[in-house]
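J.:
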DNA sequence: CCTTGACCTGGAGCGCGCTCCAGGGCTTTT
DNA sequence: AAAAGCCCTGGAGCGCGCTCCAGGTCAAGG
């Protein structure tokens, strides 16, 4: 199975090498396999997981939550719980989208008001 | 004209007293009027401005940008420029809403995939 | 008056999420 | 086999946006 050097993993995942190491230290990534010389060798699976991590980070999931999620992932039996967590996160994302749009609406009202003042 | 104590201004604006002081130090608020004893007395105008500040912060405008905007506000002649900035900000807000929704869509696909794996 | 509670200032501290660095070991190319 | 470029570790540092603190002053009720 193909593996990826840290630089390649960074390229593919969109995280920096430092961030990948940081995530591993934090327990968000399971310990990455090593070459005989001690260099990391990321697997396809690692990259798949990183793809989900990216999605979760981009939607505002905090590092601490991601870590808890990753810990759950160590136990196959928790699949249902993990999906429940993702769905809960999805609800929070929806709330923040809604909140953002509400504030955007207010912003537009303010702009309209300024425009009426003769801009 | 009615004025507001720091506690009242915090209550109305939704910012903490410490944050109000911080914003004043940073130049996001013009220097707030004082009582004879040196205590702050916020005006209706201050609260109106704070309302806009809250809207901008909630939509992700950084402190530094807010400061620049506040500096512009000191000069009446910049009204058009300020409105332009708000509209530019509105575009960025729209972009982040869109990005968030795209990632949410991906998240939902992931959830759907897990569901297919038998959850 | 005197107490109590709100407010003042300057500056330190914090939580988050990285990012960078020194000092050293691999590995690939020539 | 030597140079050049990746990668290693542990730990320090940073940018943001507050938040808290000490040590004092002011204001309002009894």
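Residue numbers (the numbering used here), protein chains in the order written: chain A, 15 to 133; chain B, 15 to 133. Quick reminder that beta carbons are idealized off the backbone N, C-alpha and C, glycines included. None of the values given here were measured: they were computed from a predicted structure.
Considering just the uninterrupted stretch of the alpha helix (DSSP H) at residue 33 (chain B), what are its terminal residues?
T.: Reading the second chain from its first residue, position 19 is the one you call residue 33 (chain B). Its alpha helix (DSSP H) spans residues 31 to 40.
J.: From this set, B:121, B:88, B:119 and B:105, which residue's C-alpha is nearest residue 114 (chain A)'s C-alpha?
T.: Counting from one through the first chain, the residue named residue 114 (chain A) turns up at place 100. Among B:121, B:88, B:119 and B:105, the Cα nearest to that of residue 114 (chain A) is on B:105.
J.: Below 6 Å CB to CB, which residues in the same chain sit around residue 37 (chain B) once its five sequence neighbours on both sides are set aside?
T.: Within the second chain, residue 37 (chain B) is the residue found at index 23, counting from 1. These residues qualify, in order along the chain: 43.
J.: Under the rule that 16 or more other beta-carbon atoms within 10 Å means buried, what is residue 103 (chain A), buried or exposed?
T.: Residue numbering aside, residue 103 (chain A) sits at position 89 when the first chain is read from its first letter. Burial call: buried.
J.: Contact check, residue 97 (chain B) vs residue 128 (chain A) under 8 Å by CB: the rounded distance?
T.: Position 83 of the second chain, counted from the first residue, corresponds to residue 97 (chain B). Position 114 of the first chain, counted from the first residue, corresponds to residue 128 (chain A). Confirmed, Cβ separation roughly 5 Å.
J.: Which first and last residues belong to the alpha helix (DSSP H) in which residue 19 (chain A) is found?
T.: Here the question's residue 19 (chain A) lines up with position 5 in the first chain. That residue, residue 19 (chain A), is in no alpha helix (DSSP H); it is neither H nor E in DSSP.
J.: Does the distance from the CB of residue 54 (chain A) to the CB of residue 46 (chain A) come in under 9 Å?
T.: Position 40 of the first chain, counted from the start, is the residue given in the question as residue 54 (chain A). Position 32 of the first chain, counted from the start, is the residue given in the question as residue 46 (chain A). Going by C-beta atoms, residue 54 (chain A) is nearer than 9 Å to residue 46 (chain A).
J.: From the beta carbon of residue 125 (chain B), is the nearest beta carbon of chain A less than 9 Å away?
T.: If you number the second chain from 1, residue 125 (chain B) lands on position 111. Closer than 9 Å: yes.
J.: Are the C-beta of residue 128 (chain B) and some C-beta of chain A separated by less than 9 Å?
T.: Taking the second chain and counting its residues from 1, the one referred to as residue 128 (chain B) is at position 114. Interface residue, yes.
J.: Quick one: residues in its chain with C-beta nearer than 7 Å to the C-beta of residue 66 (chain A), no 5 flanking neighbours on either side, listed in chain order?
T.: Mapped onto the first chain, residue 66 (chain A) falls at position 52. Closer than 7 Å at the Cβ level, and outside the excluded window around residue 66 (chain A), lies no residue.
J.: If I measure Cβ to Cβ from residue 49 (chain B) and keep anything under 6 Å in the same chain, skipping five residues before and after, which residues do I get?
T.: Along the second chain, one-based indexing puts residue 49 (chain B) at 35. Here the set comprises 55.
J.: Nearest CA to the CA of residue 58 (chain A): which residue from A:131, A:99 and A:18?
T.: Position 44 of the first chain holds residue 58 (chain A). Checked all of A:131, A:99 and A:18; the closest Cα to residue 58 (chain A) is A:18.
J.: Quick one: what's got a C-beta closer than 7 Å to residue 110 (chain A)'s C-beta in the same chain, skipping five residues either side?
T.: Along the first chain, read from residue 1 onward, the residue named residue 110 (chain A) stands at position 96. Answer for residue 110 (chain A): 74, listed in chain order.
J.: Using a Cβ-Cβ cut-off of 9 Å, state whether residue 61 (chain B) counts as contacting chain A.
T.: Here residue 61 (chain B) corresponds to residue number 47 of the second chain, with the count starting at 1. No - not a single Cβ of chain A is within 9 Å of the one on residue 61 (chain B).
J.: Taking 8 Å as the limit between beta carbons, can you name the residues of its chain near residue 107 (chain B), skipping five residues before and five after?
T.: Residue mapping note: residue 107 (chain B) aligns to position 93 of the second chain, counting from 1. Around residue 107 (chain B): 73 and 74.
J.: Measure the CB-CB distance between residue 70 (chain B) and residue 26 (chain B) and report whether it falls below 9 Å.
T.: Residue mapping note: residue 70 (chain B) aligns to position 56 of the second chain, counting from 1. Residue mapping note: residue 26 (chain B) aligns to position 12 of the second chain, counting from 1. It is not a contact, given that the beta carbons lie outside the stated cut-off.
J.: Quick check on the DSSP output: the alpha helix (DSSP H) that includes residue 126 (chain A) runs from which residue to which?
T.: Numbered from 1 along the first chain, position 112 holds the residue referred to as residue 126 (chain A). Segment 93 to 130, the alpha helix (DSSP H) holding residue 126 (chain A).
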